[in-house]
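Beneath this line is the structure, given in structure tokens, with notes to follow.
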Amino acid sequence: MIGTKIHITGIVQGVGFRPFVFTQAVQKGLTGWVCNTSAGVDIEVNGEPVDISLFIQTLKSETPPLARIDSMDVQQIPHKAYDTFEIIHSIAISDAFQPISPDISICSDCLQELFDPQDRRYRYPFINCTNCGPRLTIIEDIPYDRPKTTMREFTMCPDCLAEYNDPANRRFHAQPIACPRCGPQVWLEYNFHDKKAHKQVSRGDDAIGDVQKLLLSGKIVAIKGLGGFHLACDATNPKAVAELRHRKLRVDKPFALMMADTETVEKHCLLTDADRELLESRQRPIVLLSRKVTSSIAAEVAPQQNTLGVMLPYTPLHYLIFAPTEGKKSYAGRHKSFAMPPLVMTSGNISEEPIAIDNEEALERLTSLADAYLMHDRRIRTRCDDSVIRTFHEEPFPIRRSRGYAPFPVYLSTKAPPLLATGGELKNAFCITHDRYAFLSHHIGDMENVETYQSFLDGITHYESLFRVKPEAIAYDLHPNYLATRYALERAEREGLPSFGVQHHHAHIASCMAEHSLPASQPVIGIAFDGTGYGEDGSIWGGEFLLVDYKSFKRISHMKYIPLPGGDASIRKPARIALAYLWANGLDWDPELPPVAALCAEERSILKSQLELKINTPLTSSMGRFFDAVASLCGIRQVVNYEAQAAIEFEALADPDESGEYGFILEPNKNQDSALSQINPSPLIEQVINDLNNGTVLSKISARFHNTLSRIVYAVSDQIRKDYGVDQVVLSGGVWQNLTLLHRTYSLLTSKKFKVYVHRQVPANDGGLALGQAVVAINRMMS
């Protein structure tokens, strides 16, 4: 007989790991104990060497579905005379930390029980077990035990307590465990536009039935979910969707949808196997799918687009909303009967504000939006938006990383000091590092208002507490006016911390390198295409070809600078950008061109003076702005009301079978080594205008434009390969969310023997920026 001590780190708490350990130890005749600590899971076992060896092997190979072992330290210790194997109380260890599981969709076992009339949790909206349910949104501290979650406000009934304490039960130490007798409840309130007049009008099943009737009658209902409120309406009712747009101040930006199951999704969208797998995954993200022309979804859901963002129900409450209430027919059987059509399920906020998470907050902030509120009394600690993913080459390609994924860490190739990276201004997510983990936060949003900034501050405080991080350094974007940058610099000065400014596009490329664990010793060709990023020369970069390692980068080539009249104001008016491109390339402002016709004579006159006198005309090399300009020339959009709208609608027109291309010039950059080049798009613009004048259909122009950009990427990459001997290409930045461009570029580069890396764990847009900032700062600290 020998004794063995085992210490395990990873996602090993709140995921059924201790009962798994208990079961395996008992089966193999071992004695001892297992417990949670703030640093992971500790185990002591006594038994025959062969049994302990088999036990350790089983721990590695047969972990519970939500668990992930990152390290296992095994030490032989003196044999101790334990009589049994038991699960002992958790131990808090000062400054120790562990990863935390994200919120997970309802599992198949709980779903079966939800619609089983014989089950005591039949139709209970908060059914869960150790394999599913809330995590990040309810946890307040570690170790992950009920008293340190918002569920501490509900005292377990004897039946729930018995399940909670039974190692053989699926709900053993499931911290959110509850039932209709002892757990959270739902109720409905109508919006009387006066908080004092609000009152519960129905509860439980009656409330859910009332919500269904309201939605079917064209009403808008605020529904409190897992990480905040949604605003829901019938997605097949054009009038209801249009009304939601009007109330939410969201003119054209697409709404997310929720559909009952994948069979319903297939009626409206094209599905690949990878799409189906992603839709049905335990993360349950919004998946961007190609819309079928036969779909009955209202056009107002996603104007001028050929894609829909769709998710499946991920909480028991969602399933109940889609299920019949009259007669309480079974939902989980083979012949499903749905009460509801597809629903718009968009964030519960006025456009660009954080989602509401508190009942009183919802009554205050959503009063102009919702006709009624479906409330519950389980408190949400951390707001968490839905994640948005699409597939590329049959693998996930993240657009927004939040519910279901955060705070699951990116595993770093080297041990990191405690560090905070504050991210960017748009699509903000921050990152903290500890040991081998980079914890990228849930989606914070655009830092355009006080509410979002407060959410940013709260998130940083919460993550630093959860993961026991006291930053030894702070990384930030170089843009001096970003709120996240100001916070970083002020905090670094206040706490005497070293700070590392990281150029925006360097961070983009480094984030993709980090998630693929590319070696620090091997530089890559980094192609960073986006709308806005502060350059080292004070200009606005965004069409960049870089030679990159984790510590530094060299700017090899870029789109030729053009003046951006009015700076950020032009971003909302692509017509102004189009005219700036024409002016910068010596082309006439032909009155027949859509952007010229879109501006009145006075505005054109002021714009020309602004360009000639260089009044508020910062220079930009942005690929995002180039997309805006060409989309404007083609008459797609002269004014936009959400980010990248012109480019998205232009991409939607592209003919997949068109192979034509336009011209471009690689010319010496006089400000750098003469062997290097910048991209002059003048021939491309002229040929687009010729096509327009010749009546070429926009689908062909769009396709030729995308084809040309792919050819530019290859031409510059090939020159860099010849000059520097580098054949690894990393694609990052928000423009690469354009799948037409991504597919064509990826195919061309790989056919020319380049090794191409794209994002798989974090977004290519600014939502992944903080990870890149962190790894750049870490490598500079360690050099």
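The numbers in the sequence shown follow the working numbering, run straight up by one, and end at 769.
Built from N, CA and C at the ideal position, the CB exists for glycine as well.
All values reported here derive from a predicted model rather than from experimental measurement.
Beta-ladder partner(s) of residue 253, from DSSP: Translated into the one-based positions of the sequence shown, residue 253 becomes position 267. DSSP lists no partner for residue 253.
- request: Kindly indicate which residue of 53, 303, 590, 265 has the alpha-carbon position closest to the one of residue 173.
  value: For the purposes of this step, residue 173 is identified with residue 187 of the sequence shown, where counting begins at 1. Closest option to residue 173, Cα to Cα, is 303.
message: Our contact map puts residue 712 next to residue 533 with C-beta atoms below 8 Å; I'd like the distance itself, whole angstroms only.
response: Locating residue 712 in the sequence shown gives position 726, where the first residue counts as 1. Locating residue 533 in the sequence shown gives position 547, where the first residue counts as 1. So it is a contact: roughly 7 Å between Cβ atoms.
message: Using 8 Å for Cβ pairs, my map puts residue 7 next to residue 52. What's the rounded Cβ distance?
response: Residue 7 sits at position 21 when you count from the first residue of the sequence shown. Residue 52 sits at position 66 when you count from the first residue of the sequence shown. Rounded, the Cβ-Cβ distance is 15 Å, inconsistent with contact.
message: Applying the 10 Å Cβ sphere with the 16-neighbour rule, what's the burial state of residue 279?
response: In the sequence shown, counting from the first residue as 1, residue 279 sits at position 293. Looking at its Cβ environment, which holds fewer than 16 other Cβ atoms inside 10 Å, residue 279 is exposed.
- prompt: For residue 541, which residues of its own chain have a beta-carbon under 7 Å away from its beta-carbon, when the five flanking residues on both sides are left out?
  reply: Taking the sequence shown and counting its residues from 1, the one referred to as residue 541 is at position 555. So the qualifying residues of the chain are 530, 532.
message: Suppose contacts are defined by Cβ-Cβ distances below 8 Å. Is residue 693 in contact with residue 649 by that definition?
response: Residue numbering aside, residue 693 sits at position 707 when the sequence shown is read from its first letter. Residue numbering aside, residue 649 sits at position 663 when the sequence shown is read from its first letter. Result no, Cβ atoms of residue 693 and residue 649 do not sit closer than 8 Å.
task: Report buried or exposed for residue 428, applying the criterion of at least 16 other Cβ atoms within 10 angstroms of its Cβ.
output: On the sequence shown, position 442 is the one that residue 428 refers to. With 16 or more other Cβ atoms within 10 Å, it is buried.
message: Going by DSSP in three states, residue 407 sits in which element: helix, strand or coil?
response: Counting from one through the sequence shown, the residue named residue 407 turns up at place 421. Strand.
message: Suppose the cutoff is 7 Å on Cβ atoms and the five residues either side in sequence are ignored; what does the same chain contact list for residue 522 look like?
response: Here the question's residue 522 lines up with position 536 in the sequence shown. Cβ neighbours of residue 522 beyond the five flanking positions: 489.
With 16 other Cβ atoms within 10 Å as the buried cut-off, status of residue 495: By 1-based counting over the sequence shown, the position of residue 495 is 509. Flag for residue 495 reads buried.
query: Is the region 134 to 151 touching the region 380 to 395, taking contact as three or more C-beta pairs under 8 Å?
result: no
- prompt: Among residues of its own chain, excluding the 5 on either side of residue 468, which ones have a beta-carbon nearer than 6 Å to its beta-carbon?
  reply: As a first step, residue 468 is located in the sequence shown; it is residue number 482 there, counting from the start. If we look at residue 468 and ignore the five residues flanking it on each side, its Cβ neighbours are 411.
- prompt: Closest to residue 217 by CA distance: which of 223, 225, 208 is it?
  reply: Working through the sequence shown from its first residue, we reach residue 217 at position 231. The residue with the shortest Cα to Cα distance from residue 217 is 208.
Integer Cβ distance of residue 79 from residue 164, believed to fall under 8 Å: For the purposes of this step, residue 79 is taken as the residue at position 93 of the sequence shown. For the purposes of this step, residue 164 is taken as the residue at position 178 of the sequence shown. Actually they are not in contact, since the Cβ atoms of residue 79 and residue 164 sit about 29 Å apart, beyond 8 Å.
Beta-carbon proximity of residue 524 to residue 516, cut-off 8 Å: What you label residue 524 is simply residue 538 of the sequence shown in a count that begins at 1. What you label residue 516 is simply residue 530 of the sequence shown in a count that begins at 1. No. Outside cutoff.
- request: Just the C-alpha distance for residue 18 and residue 129, rounded to the nearest angstrom, thanks.
  value: Locating residue 18 in the sequence shown gives position 32, counting from the first residue. Locating residue 129 in the sequence shown gives position 143, counting from the first residue. Their Cα atoms are separated by approximately 21 Å.
query: What's the gap between the Cα of residue 299 and the Cα of residue 360?
result: For the purposes of this step, residue 299 is identified with residue 313 of the sequence shown, where counting begins at 1. For the purposes of this step, residue 360 is identified with residue 374 of the sequence shown, where counting begins at 1. Distance between the alpha carbons of residue 299 and residue 360 is about 16 Å.
- prompt: At what residues does the beta strand (DSSP E) containing residue 61 begin and finish?
  reply: For the purposes of this step, residue 61 is taken as the residue at position 75 of the sequence shown. Residues 54 to 63.
task: Determine the closest residue to residue 227 out of 100, 568, 760, 355, with distance taken between C-alpha atoms.
output: On the sequence shown, position 241 is the one that residue 227 refers to. Among 100, 568, 760, 355, the Cα nearest to that of residue 227 belongs to 355.
message: Please classify residue 239 as buried or exposed, where buried requires at least 16 neighbouring CB atoms within 10 angstroms.
response: Start at 1 with the first residue of the sequence shown, and residue 239 comes out as number 253. It counts as buried.
- prompt: Is the region 705 to 720 close to the region 445 to 455, with three or more CB pairs under 8 Å?
  reply: no
Chain B contact for residue 280 (CB, 8 Å cutoff): As a matter of chain content, chain B is missing from the structure shown, which is built from one protein chain.
task: Going by DSSP, name the residue or residues bridged to residue 417.
output: Reading the sequence shown from its first residue, position 431 is the one you call residue 417. DSSP, once it has assigned bridges, lists 407, 426 as partnering residue 417.
task: Express the C-alpha separation of residue 83 and residue 318 in angstroms, rounding to a whole number.
output: Residue numbering aside, residue 318 sits at position 332 when the sequence shown is read from its first letter. Residue numbering aside, residue 83 sits at position 97 when the sequence shown is read from its first letter. Legend: pLDDT at residue 318 = 44, less than 50; position of this residue unreliable, value from coordinates given subsequently. In a straight line, the C-alpha of residue 318 is about 39 Å away from that of residue 83.
query: How would you call residue 770, buried or exposed, if buried means at least 16 neighbouring beta carbons within 10 angstroms?
result: No answer is possible for residue 770: the residues shown for the chain start at -13 and end at 769.
message: Quick check on DSSP: helix, strand or coil for residue 27?
response: The residue you call residue 27 lines up with position 41 of the sequence shown. Strand at residue 27.
Nearest to residue 511 (by Cα), restricted to the options 385, 708, -2: As a working mapping, residue 511 is identified with position 525 in the sequence shown. It is 708.
query: Which residue from 358, 297, 305, 344 puts its Cα closest to that of residue 389?
result: Within the sequence shown, the letter at position 403 stands for residue 389. Among 358, 297, 305, 344, the Cα nearest to that of residue 389 is on 297.
- request: Sort out for me which residues DSSP pairs residue 484 with in a bridge.
  value: The residue labelled residue 484 in the question sits at position 498 within the sequence shown. Answer is none; residue 484 lacks a bridge partner.
task: Note down the Cα distance separating residue 255 from residue 403, rounded to an integer number of angstroms.
output: Reading the sequence shown from its first residue, position 269 is the one you call residue 255. Reading the sequence shown from its first residue, position 417 is the one you call residue 403. Each residue's alpha carbon lies about 46 Å from the other.
field: residue 463 versus residue 409: straight-line alpha-carbon distance, rounded
entry: In the sequence shown, residue 463 corresponds to position 477, counting from 1. In the sequence shown, residue 409 corresponds to position 423, counting from 1. Taking the straight line joining both Cα atoms gives about 7 Å.
task: Specify whether the region 20 to 39 and the region 183 to 195 touch according to this definition: at least 3 beta carbon pairs, one from each stretch, less than 8 Å apart.
output: no
task: Rank 106, 269, 126 by C-alpha distance to the C-alpha of residue 143 and give the top, closest one.
output: Sequence index remark: in the sequence shown, residue 143 carries index 157 (1-based). When each option's Cα is compared against that of residue 143, the closest is 106.
task: Could you pull out every residue in the same chain whose Cβ sits closer than 7 Å to the Cβ of residue 570, ignoring the five residues on either side in sequence?
output: The count along the sequence shown starts at 1 and reaches residue 570 at position 584. Answer for residue 570: 548, 549, listed in chain order.
query: Thinking C-alpha only, which one of 664, 629, 582 is nearest residue 607?
result: Reading the sequence shown from its first residue, position 621 is the one you call residue 607. Nearest of 664, 629, 582 to residue 607, Cα basis: 664.
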